[in-house]
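If you read the sequence shown in this note's numbering, its first letter stands for residue 816, the second for the next number, and so on. To keep things clear, I will list the structure first and then write my remarks on it.
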Amino acid sequence: MAHYDLPHNHEGNIDKVLDRMPCLEDFQDVAFLFQQLGDPTRLKLVWLICHSEECVCNLAAALGVSAPAVSHHLKSLRRSELIVSRRDGKEVFYTLADTVQARMLHQTIDALFKITCPTSQEKQQ
């Protein structure tokens, strides 16, 4: 255990916590992930994509925004590795990525909006 030369000794566990603190790059990655959800349109997109694989045109129509605006938001969400895309002919479909972060986000979104995922309900039936 390293000594951190803290100004006060409160007999706490801060030294143990500091020993396990992630590096700055990890904090930057997580901050970027949270930043993606700071925009209401992007949050709506994530909510929709959590529950349905969709194309840009349908997402734009559902949100009442332009397809280029949706594409811009989707690009940012892809960069954060929250969503993935697949091409079917000329159309590209977007869905939630199969990652720990994306699954946790899905659960968090469902909890915050107090809903049960429609796709989970279908699987249970």
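Where a beta carbon is used, it is the ideal one built from N, C-alpha and C, also for glycine.
In this structure, the alpha-carbon of Tyr819 lies about 20 Å from that of Phe842.
DSSP, read as helix, strand or coil, puts Glu869 in strand. As for any alpha helix (DSSP H) of minimum length 4 sitting wholly inside the region 825–877, the runs are 829–835, 839–851, 855–866, ordered along the chain. Within the DSSP secondary-structure output, Ser900 pairs in a beta bridge with Tyr909.
Pairing Ala875 with Ser881 gives a Cβ-Cβ distance under 8 Å. With contacts defined by Cβ atoms closer than 8 Å, Leu911 and Ile898 form a contacting pair.
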